[in-house]
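Asks:
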Amino acid sequence: MDTPPIHDVFVIGGGINGCGIARDAAGRGYSVYLAEMNDLASGTSSASTKLIHGGLRYLEYYEFRLVRESLMEREVLWRNAPHIIWPLRFVLPFTKGGPRPAWMVRLGLFLYDHIGGRKLLPATRTLDMRNDPAGKPLKPNFARAFEYSDGWVNDARLVALNARDAADRGATIRTHAKVTTARRDADHWSIDVLDERSGELETVRARLLVNAAGPWVDHVLAETIGQNDVHNVRLVQGSHIVIRRKFEDPRAYFFQNEDGRIIFAIPYEEDFTLIGTTDRDYPGDPHEVRISEEEINYLCDAASEYFAEPVTPADIVWTYSGVRPLYDDGASKAQEATRDYVLKVDHPQGQAPLIDIFGGKITTYRRLSEHMLEKIGHALGVKGKSWTAEAPLPGGDFPATGFDAQVRRLRDDYPFLDERFARRLTRLYGTRARKVLGSSTAIDQLGRNFGADLYEKEVRYLIDQEWAVTAEDVLWRRTKRGLVLTPQEAGDLDRFMKENGRGLQNAAAE
Numbered sequence: 106m107d108t109p110p111i112h113d114v115f116v117i118g119g120g121i122n123g124c125g126i127a128r129d130a131a132g133r134g135y136s137v138y139l140a141e142m143n144d145l146a147s148g149t150s151s152a153s154t155k156l157i158h159g160g161l162r163y164l165e166y167y168e169f170r171l172v173r174e175s176l177m178e179r180e181v182l183w184r185n186a187p188h189i190i191w192p193l194r195f196v197l198p199f200t201k202g203g204p205r206p207a208w209m210v211r212l213g214l215f216l217y218d219h220i221g222g223r224k225l226l227p228a229t230r231t232l233d234m235r236n237d238p239a240g241k242p243l244k245p246n247f248a249r250a251f252e253y254s255d256g257w258v259n260d261a262r263l264v265a266l267n268a269r270d271a272a273d274r275g276a277t278i279r280t281h282a283k284v285t286t287a288r289r290d291a292d293h294w295s296i297d298v299l300d301e302r303s304g305e306l307e308t309v310r311a312r313l314l315v316n317a318a319g320p321w322v323d324h325v326l327a328e329t330i331g332q333n334d335v336h337n338v339r340l341v342q343g344s345h346i347v348i349r350r351k352f353e354d355p356r357a358y359f360f361q362n363e364d365g366r367i368i369f370a371i372p373y374e375e376d377f378t379l380i381g382t383t384d385r386d387y388p389g390d391p392h393e394v395r396i397s398e399e400e401i402n403y404l405c406d407a408a409s410e411y412f413a414e415p416v417t418p419a420d421i422v423w424t425y426s427g428v429r430p431l432y433d434d435g436a437s438k439a440q441e442a443t444r445d446y447v448l449k450v451d452h453p454q455g456q457a458p459l460i461d462i463f464g465g466k467i468t469t470y471r472r473l474s475e476h477m478l479e480k481i482g483h484a485l486g487v488k489g490k491s492w493t494a495e496a497p498l499p500g501g502d503f504p505a506t507g508f509d510a511q512v513r514r515l516r517d518d519y520p521f522l523d524e525r526f527a528r529r530l531t532r533l534y535g536t537r538a539r540k541v542l543g544s545s546t547a548i549d550q551l552g553r554n555f556g557a558d559l560y561e562k563e564v565r566y567l568i569d570q571e572w573a574v575t576a577e578d579v580l581w582r583r584t585k586r587g588l589v590l591t592p593q594e595a596g597d598l599d600r601f602m603k604e605n606g607r608g609l610q611n612a613a614a615e
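Each residue of the sequence shown is one higher than the last, beginning at 106 in this note's numbering.
Right under this line is the structure:
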C-alpha cells in the first residue's frame with residue numbers, strides 16, 4: 106500500500122477561522138487538508154449578528170487594538186466580497202438619563218470614525234428623530250439619535266466562499282468528517298478522520314495541526330489530542346429572534362438597554378427584522394444550544410422599550426442561537442469578556458507543531474488568518490506573501506459600489522429573471538450567478554421548483570460546488586429560503602437532497 110502524502114497543514118474546523126486559514130495557506134502554496142465534523146459554518150459562524158463592524162461597545166472595555174483592526178477590515182472585506190458584504194447605517198437613539206450620556210457615545214463615535222482608515226463609508230451624523238424617517242417606528246421620547254456606519258455580512262456564505270476558494274487553490278475540504286484522534290509521530294501528525302456518512306476511517310498525515318474547532322477547541326485538546334487540565338475558552342451563548350419586517354427604513358437600530366447591554370434591530374432578508382443578541386455564559390454542550398424562554402422575553406422586552414408597537418413572542422417566525430468561544434480572560438460578566446483572539450503555539454523540540462485558536466470574531470477572520478500564517482511560516486518555513494487583502498472571494502470580482510450594476514447585467518443576460526430573483530442570486534453568488542443559471546433561457550429550464558424562487562439548478566450548484574448535503578444546509582446556511590418555504594416544500598427538498606446530496610465530498614473538493 107502506498108504511504109499517504111504528508112500535508113503541510115491540517116485544519117480541524119470548518120467555521121470562518123478554519124476556512125479563512127485554509128484559503129490563505131493554500132494561496133501561499135502550502136498543501137492543506139481541512140476536516141469539519143458537520144456542515145461548513147454549522148456552529149458559531151452562522152449564528153452571529155451578521156455584522157462586519159468595529160465593535161462600538163468594545164471601546165468601553167478599552168479594546169482599542171481589536172476595534173482599530175476591525176474598523177480597518179470593514180472596507181477590505183467589502184471590496185473582497187461586495188455581493189455578501191455591504192455598508193449599513195445604524196441609528197443609535199438616546200434620551201436624557203439613558204444608560205450612557207450623549208457625550209460619551211459621541212466620543213466613542215468620533216474615535217470610531219477616525220482610528221480605522223475609513224474611506225468609502227460615510228461619517229457619523231446627528232439626527233432629529235422628529236423629522237427623520239428613522240424616528241417613525243420608535244416611541245416619541247427618542248427625539249435625537251446618532252447615525253454611524255458599519256457593515257452587513259451573510260456570515261454562512263462568507264465561510265462557504267472561503268472554503269470554495271481554498272479548494273480552488275488546491276486545498277482538500279471535507280465535511281461530515283470527524284477527527285477522532287490526532288497523535289504526534291515525531292516530525293508529523295497522524296490524524297484519524299471518520300466519514301460520518303459512510304463510516305470509513307482515513308488516516309491523514311500533516312506537518313502542522315491547526316485547532317480551529319471554535320466552541321469545541323478545548324474538547325479537541327482534551328479528547329482528541331489527549332492533553333490534561335484544559336480550560337482556555339469561555340462559552341457565551343448569543344441568541345437572536347427574527348420577526349416580520351418591523352420598519353420600512355433601510356437603516357438598522359442600535360438599542361441601549363437599562364442593564365448596560367445593547368441589541369440591534371436589523372433589516373433582514375427583504376421581509377424580516379433580525380433582533381439580537383443576548384450574552385450569557387453557557388455551561389452545556391454546544392451542539393444542544395437553543396434559545397431560552399428567558400432570552401426570548403429579554404429580546405422582546407428590550408426592543409419594545411424603543412418601538413412604538415411592542416415586539417411579542419407571537420411575532421417571532423424564527424430563532425437561532427450560537428455559542429461564542431471567547432478567550433477566558435477572567436472577566437466577571439459574559440458581555441465584558443474579550444472578543445479578541447489568541448493564537449497559542451505548542452511546538453516541543455523535535456516534534457510536530459500544534460497551533461490553537463481561542464476567541465475571535467467574524468470581522469477579524471482575515472487578519473487572524475494572516476497572523477496564523479506568520480506562525481505557520483515560522484514553524485514550517487515561509488511560503489508566499491500576504492495576499493488576501495486584494496483578492497476577491499468567489500463571485501466578488503466587481504467594484505464595491507457596483508452591486509446594482511451587476512443585477513442589471515444579470516437581468517440583461519437572463520431576461521426571464523424578475524428584479525427580486527436577480528437580486529437574490531446576485532446577493533448570494535455575485536458574478537458566479539451565471540454558473541448557477543448556466544445556459545437557461547426560460548424559468549422552466551431551471552428545473553424543479555422547490556418553493557418560492559428556489560429551483561433545482563441552484564440546489565444542484567450548491568451540492569456540486571458548496572458541499573451542501575442536507576436540506577438544512579441549503580435552506581438555512583447557503584440560502585435563507587427556509588424563511589419562506591412551507592414545511593411540505595422543505596420536506597420535498599429534504600427527500601431530494603437524500604437522493605442527490607453527495608456532492609463533491611471526496612472528489613472535486615480536493
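C-beta: ideal position from N, C-alpha, C; glycine also.
Note down, one range per segment and in chain order, each beta strand (DSSP E) of at least 3 residues found wholly within the region 223 to 298.
Replies: If we require 3 residues or more, the beta strand (DSSP E) runs fully inside the region 223 to 298 come out as 230 to 233, 249 to 258, 277 to 279, 282 to 290.
Asks: Using DSSP's beta-bridge definition, name the partner residues of Gly-134.
Replies: Paired residues: none, contrary to the question.
Asks: Going by DSSP, what residue range makes up the alpha helix (DSSP H) through Gln-454?
Replies: From DSSP, Gln-454 is part of no alpha helix (DSSP H); its letter is neither H nor E.
Asks: Given this structure, state the Cα-to-Cα distance separating Gly-535 from Ile-568, to the nearest angstrom.
Replies: Their backbone Cα atoms lie some 18 Å apart in a straight line.
Asks: Give me the Cα-Cα distance between Gly-148 and Ala-272, rounded to the nearest whole angstrom.
Replies: Answer to the nearest angstrom: the Cα atoms are 21 Å apart.
Asks: Kindly list the residues whose CB is nearer than 8 Å to the CB of Trp-183, restricted to its own chain and excluding five residues on each side of it in sequence; keep chain order.
Replies: Closer than 8 Å at Cβ, skipping near neighbours: Ile-157, Ile-190, Trp-191, Pro-192, Leu-225, Gly-256, Ala-505.
Asks: Can you tell me the Cβ-Cβ gap for Ala-265 and Ala-146, rounded? I've got them flagged as a contact below 8 Å.
Replies: 7 Å between Cβ atoms; contact.
Asks: Short of 6 Å in beta carbon distance, which residues of its chain neighbour Asp-354, apart from the five on each side in sequence? Order them along the chain.
Replies: Around Asp-354: Pro-238, Ala-239.
Asks: What does DSSP give as the partner residue(s) for Val-394 in the beta ladder?
Replies: Its beta-bridge partners do not exist; DSSP assigns none.
Asks: Find the nearest neighbour of Ala-494 within the set Leu-164, Leu-171, Pro-110, Glu-178, judged by alpha-carbon distance.
Replies: Answer by Cα proximity: Glu-178.
Asks: Alpha carbon to alpha carbon, how far is Phe-247 from Met-234?
Replies: Phe-247 and Met-234: Cα-Cα distance of roughly 7 Å.
Asks: Could you give the distance in angstroms between the alpha-carbon of Asn-143 and the alpha-carbon of Lys-155?
Replies: Cα to Cα, Asn-143 sits roughly 21 Å from Lys-155.
Asks: Can you give the Cα-Cα distance for Leu-551 and Leu-379, rounded to whole angstroms?
Replies: Taking the straight line from one Cα to the other gives about 31 Å.
Asks: Please list the segments of the beta strand (DSSP E) lying wholly inside the region 399 to 439, counting only runs of 3 or more residues, in order along the chain.
Replies: Counting whole runs of 3 or more residues, the region 399 to 439 contains the beta strand (DSSP E) stretches 421 to 432.
Asks: Within the region 302 to 386, note down every full beta strand (DSSP E) run reaching 3 residues or more, in order along the chain.
Replies: Listed in chain order, they are 306 to 316, 338 to 349, 357 to 361, 367 to 373, 377 to 381.
Asks: Does DSSP put Tyr-470 in a helix, a strand or coil?
Replies: Tyr-470: helix per DSSP, three-state reduction.
Asks: Would Thr-286 pass as a contact of Pro-109 if the rule is Cβ separation under 8 Å?
Replies: No, they are not a contact pair.
Asks: Less than 8 Å between the C-beta atoms of Glu-301 and His-281, yes or no?
Replies: Yes, Cβ-Cβ distance for Glu-301 and His-281 is below 8 Å.
Asks: Find out if the Cβ-Cβ distance for the pair Val-322, Asp-129 is shorter than 8 Å.
Replies: Not in contact: Val-322 and Asp-129 (Cβ atoms no closer than 8 Å).
Asks: Using the beta-carbon count (16 or more within 10 Å), is Phe-169 buried or exposed?
Replies: It counts as exposed.
Asks: Starting from the Cα of Asn-316, find the closest Cα among Glu-374, Gln-511, Thr-329 and give me that residue.
Replies: For Asn-316, the nearest C-alpha among the options comes from Thr-329.
Asks: Below 8 Å on the Cβ atoms is my contact criterion, and I expect Thr-349 with Phe-377 to pass it. Report the Cβ-Cβ distance as a whole number of Å.
Replies: It should be noted that the sequence gives Arg, not Thr, for residue 349. Indeed they touch by this definition, with Cβ atoms about 6 Å apart.
Asks: I'd like to know whether the C-beta atoms of Ile-367 and Leu-404 end up nearer to each other than 8 Å.
Replies: Not closer than 8 Å, so no.
Asks: Could you tell me how far apart the beta carbons of Arg-529 and Ser-151 are, in whole angstroms, since I believe they sit closer than 8 Å?
Replies: With a Cβ gap of about 18 Å, Arg-529 and Ser-151 do not count as contacting.
Asks: Is it buried or exposed, Ser-303, if we count other Cβ atoms within 10 angstroms and call 16 or more buried?
Replies: Label assigned to Ser-303: exposed.
Asks: In whole angstroms, what separates the C-alpha of Thr-649 from that of Gly-159?
Replies: Because the chain here runs from 106 to 615, residue 649 falls outside it and cannot be looked at.
Asks: What are the start and end residues of the alpha helix (DSSP H) that includes Phe-526?
Replies: Residues 524 to 534.
Asks: Kindly examine the ligand HEM and report whether one of its heavy atoms sits closer than 7 Å to the Cβ of Tyr-534.
Replies: Ligands displayed in this structure: none; no statement on the ligand HEM is therefore possible.
Asks: In whole angstroms, give me the CA-to-CA distance for Lys-466 and Tyr-411.
Replies: One C-alpha to the other measures close to 28 Å.
Asks: Considering only residues of the region 556 to 609, which uninterrupted beta strand (DSSP E) runs meet the minimum length of 3 residues and lie entirely inside it, listed in chain order?
Replies: For the region 556 to 609, not a single whole beta strand (DSSP E) run of length 3 or above is found.
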